[in-house]
Amino acid sequence: MTSPAGQGWLVERDAAGFPGEPTQRFQVAPPGGMASRAYLAALLDFAARLGLESSALPDALFSAEAAPGRTALSSPEEILALFGTPGGDVWESAPLERPASDCLTRLFSVDGALEDRDGDLLPDASRLAFVLPDTLPVEVAAELANVAARLGLESGGISFPLVRADGAPFVVAPGDGAAELRAEAGGWRLSGDTGEMARLLAAVASDWPRAVAGPPGAAEALAWLRRGLAGVGPEPGVPGDVLWELQWSDQAEEERLLATFRAEVLPALAAGSGPAEITVFASEPEEVRQRITATLRAELATAGVGGAQVQVLCAFKAGLSWLREVVQPAVQPLHPSRLVVHYRRYESTGEVPALDLAIRWAQELFPGPELLARDLGLPLAAIAVEEAPATSGDVWHAEAFDAAGTSLGHWACSPLWHVQPWIPQFADAGSVCVTTGGFALTQGGRRQEFPVATDLERFWAFWQHTVVPRVLQHIAAGGGAHAHLQPFFGALEVEVWVSEPNARLGIREENDSAAEALHEEIYFGTLDTLELLGQRTTGDRTSTPGAVIPVVHVRPGQAPRAQVRLRQAPPRRALPWPEVRVAALGLAPDGGLRATIEAHVDGAAAATLERLRELAAMPTPADGLAATVRLAGDTVALTLPYAPRLAADTPPHAAPPMDTNIHGAAVSDWAARLAALPEVSAWVEDISYEGRAVSALWLHPPTTGRASATKAALLKPTHIIVARHHANEISSTNSAFQLAWLCATDPQWRRYLDRVTILLLPYENPDGAALHARLASAPEAANWKHHPARYNALGYEFGFDHLDPDSPFGEARARGALWRRFPADVLVDNHGVPSHEWVQPFAGFGSPPRFRVSYWVVQALLYGIASYIDDPAYPHSRATVEALRDAVSARVRDTDIGDWNRVYGASYRFWGQERLPENFPGIFHDDMLWHIASVTPDPAARNLEARYPQTTAISWVTEVNDETADGEHLERVARAHLLANQATLDLLAAAATPPHYRRADDGPGRYTLRISRERPLRLSRER
């Protein structure tokens, strides 16, 4: 204990100035073994102040029993001398008039015994007022003191005196019978035998709303009951039975090309005169195109057609194929100094707006210049890509020059293409330019075209004109595209076998894959169609249609085929939402707490009561809250589950891997092993829709007593790091576990725990991650983007549900629940973007139209997305965000991450930003790309910073190009997240200032003591 004189603190503080836990324990020892009201008044105020100044409390801080090391408290005067006269700055505030919640899960919260006067969602005062008899046995007095200490522990302020006439009454009424704590009339009433009353108070002080701090407790268990009674879980969601199945197959593209050659091209050749050039476009792997070339030449010879030149290019990204297979071989022996490639500007000619960008034909060339520079031995700057007018004759034209500027030769190419509706059912939604296969025959100065649809086109026609109409019919039969009828199906599963190009290019992570493009097209094309269906037919947002799961196999030279299955949607909730509350607490036979829960539903309750019995019949959880539920005159006993804690017997002997995808059971295993370290606590925050664990970790200095999540957020800047929200963005899980390991084992990282409260959600979307692991298990697809695993099991962007405790998706509820217990100053979402080019050939040849900006090419290895509050009430918001921007940019600038950022940044500017800045936005700061926008306070916003600007100063996003990374690149992008998070921790640690006392006059004889720090937090690189 420090000296009580002056403004001293009662609880010792660490070297950084932050309070720990009391080093002394106390014996409640009034004369005669009975505590008078005056003694109790002094005792409870002293206990509450001890709790207020503490970050943790030991078990039985106050006891009626004497023990070595315990300080006896014998009189009110002695206690008041210990309490001292704390000073502090003046705090202008007034008590709140709002009554306390009638649910005991909210006892130690701003909805219960505590108040939030400044609106930052954290308690800074108290409304509870003890109403006591003249005397109480010493055992009850001691446990009331422990409850008061706990009240202080869970708050940043206490309103004194605690024994008074006004306020939310906590009536202590000794009597006969079982002890009970009941919420009633805007307060609480404790009654029953005093011996049992003492035991009940002890359990409330130590075990309510859960025996351990950090993990979800009684409030979340009650929410589990509410959802369960409404039919929302806890049973995992599973796809239903197959409703229908379709099969599709077609003749191989190679065979259809040869048939067209024989039936149309050969006769055209015979009718013409002079040398002929035949350019063939086939969406096939290189080995198949070589075979087609050989076959065509043989057939030309057989037909007696001499001198014809044959070139078979890939119909998918024909411009890249032309650069690599025509231009490069021709240029190589010329040893040019410079090469200029022109592309024709793309412009829509019809009334329907085009989804394709003006650089549509430039996109087909990517990343050709880098490949040519590498293979020709030229500097990249020596190869120019320039736009030609939309009226130009050729789509692509290349010209080589020597050092003197003399032309060494030129080459041209135009693919076969046509315009078609993006979505046939909504033809006015946009048109798309689609390249096709076939022959371009040039003879005697005349070009003739003989189109042959590629396998991709043939399958896509089947999908859009056969599969999608069947899905739309199913939705119509189910009542139409209404949001409340979602999901419309359990899963739309498609497996496709195609002969398509699928090869890595040897430039960064780039690949050339029509198969991956089809994979993306099936997924987003279907989601976009169903969203448009809702917009056009009902006006509803139909963004949770059901799972869309495409699997694309690459089988060179084989004929294409597919099978499609639609599965039944899970049963819809048919039960009403109940009102539930913990009305009373008593003691269970084992000495633990037992809750009395009152439930109510409007109308008939028979179905709800039957559901309650079903929940009670489920296996009893290993750790839970014993409860008796009263509903419509019936009583049912059950145990509400507490979220499991995770802890292995032994800690890990080595750091978590940074170069291997951590998923599935390995996530819980790593969380448990890290929790064997004293600096890490881990638990299951919630259960996903399909029944998988969503783990959470709390990084903190080791403590021996009961810590408080609320006090951890009150005392120190609090940082929540979310990983794997979009499950195909895999590297954030590696980064999160690495950060936990370093904070527990590396002194340079361990120092953050003394000044910052750190929370991790390392695997927010386990259902998506399970699908990702399944999709990426195919060798040909290991490095694809795998956006079908982006959202959750029903294709829903569950970020819309983060703050909805009634959401059917545990993966959505987890973040909001964690934030409510640990209101964060800064929340970062460690996200990811494709590691390589994003092409959808039937949706505008880039990322899908649902995105406001283009993700066609990689923007950076690491970039940031942030916002600031544009409101006079928050004058420091912009400077705080800019401090974050400066710190993160500086941290990565001189590392290999910075070097890669410069490489990717140059590519992003060259291909996108310098040509179409509105589609390729962002500002480079210190060589790092940032997207920073202003927002205004909005109580309905998804962004926590905009929704709760008084509490959360920054809610931002890091993006790395990790879809889907492995090996060395995975290590690099995971480390990029880690560097950004470390830079943030440095800022937060620098901004951490020890709390100080403030005092408010609440009226005659009343005052509030508050310990506080700055909220909203101000960050500065100078601090």
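In case it helps, the numbering used here puts the sequence shown at residues 422 to 1444.
Note that the Cβ used here is the ideal one computed from N, Cα and C, for glycine as well.
Restricted to the stretch 638-687, the beta strand (DSSP E) segments that are unbroken, complete and at least 3 residues in length are 663-670, listed in chain order. Annotated three-state conformation of residue 1398 is helix, per DSSP. A Cβ-Cβ distance of about 16 Å is found for the pair residue 637 and residue 1133, leaving them out of contact under the 8 Å criterion.
DSSP, reduced to helix, strand and coil, places residue 455 within a strand of the structure shown. Under the 10 Å beta carbon count, residue 1031 is surrounded by fewer than 16 other beta carbons and is classified as exposed. A direct Cα-Cα distance of roughly 15 Å separates residue 615 from residue 1006.
Following the DSSP letters along the chain, one finds residue 828 inside the beta strand (DSSP E) bounded by residues 828-834. Classified as buried, residue 1230 has 16 or more neighbouring CB atoms from the shown chains inside 10 Å of its CB. Rounded to the nearest angstrom, the Cβ distance from residue 832 to residue 819 is 5 Å, consistent with a contact under 8 Å. As the crow flies, the alpha-carbon of residue 491 is around 11 Å from that of residue 450.
Straight-line spacing of the CA atoms in residue 1285 and residue 1262 works out to 29 Å. Annotated three-state conformation of residue 1335 is coil, per DSSP. In the three-state reduction of the DSSP assignment, residue 797 falls in the helix class.
Our two residues, residue 948 and residue 966, have alpha carbons roughly 8 Å apart in a direct line. Under DSSP, residue 818 shares a beta bridge with 763 and 833.
Closest in C-alpha terms to residue 887, from the list 857, 634, 846 and 1251, comes 846. When rounded, the separation of the alpha-carbon atoms in residue 862 and residue 815 is 15 Å. Using a C-beta cut-off of 8 Å, the stretch 1177-1195 makes contact with the stretch 1208-1218, since at least three inter-stretch Cβ pairs fall below that distance. Of the candidates 575, 1027, 775 and 547, 775 places its Cα closest to the Cα of residue 842. Annotation for residue 1069: 1093, 1094 and 1097 place their beta carbon closer than 6 Å to its own, counting only its chain and skipping 5 residues before and after. Taking the CA atoms as reference points, residue 1129 sits about 38 Å from residue 1350. Only residues of its own chain outside the window of five on either side were considered, and among them 1089, 1092, 1093, 1096, 1103, 1104, 1105 and 1116 have a CB closer than 8 Å to the CB of residue 1067, listed in chain order.
DSSP, reduced to helix, strand and coil, places residue 618 within a helical segment of the structure shown. By the C-beta criterion, the stretch 865-877 is judged to be in contact with the stretch 666-677, since at least 3 inter-stretch pairs fall below 8 Å. Runs of the alpha helix (DSSP H) lying entirely within the stretch 1060-1141, each at least 4 residues long, are 1086-1095 and 1130-1136 in chain order. Under DSSP, residue 1422 takes part in a beta bridge, and its partners are 1428. Residue 911 sits away from residue 702, with the two beta carbons spaced by 8 Å or more. Here residue 741 is near residue 785, since their CB atoms are less than 8 Å apart. Here residue 631 carries a coil assignment [DSSP, helix/strand/coil]. Put simply, the backbone Cα of residue 900 is about 8 Å away from that of residue 906. Within the model, the alpha-carbon separation for residue 596 versus residue 619 is close to 13 Å. DSSP places residue 1164 inside the alpha helix (DSSP H), whose first and last residues are 1152-1166. Distances from the CA of residue 1112 to each of 1033, 1131, 1256 and 1188 were compared; the closest alpha carbon is that of 1188. Of the candidates 955, 909 and 656, 656 places its Cα closest to the Cα of residue 1109. Per the coordinates, the alpha-carbon of residue 453 lies some 13 Å from the alpha-carbon of residue 562.
Contact between residue 1183 and residue 1118 holds, with the beta-carbon distance rounding to 7 Å and staying under 8 Å.
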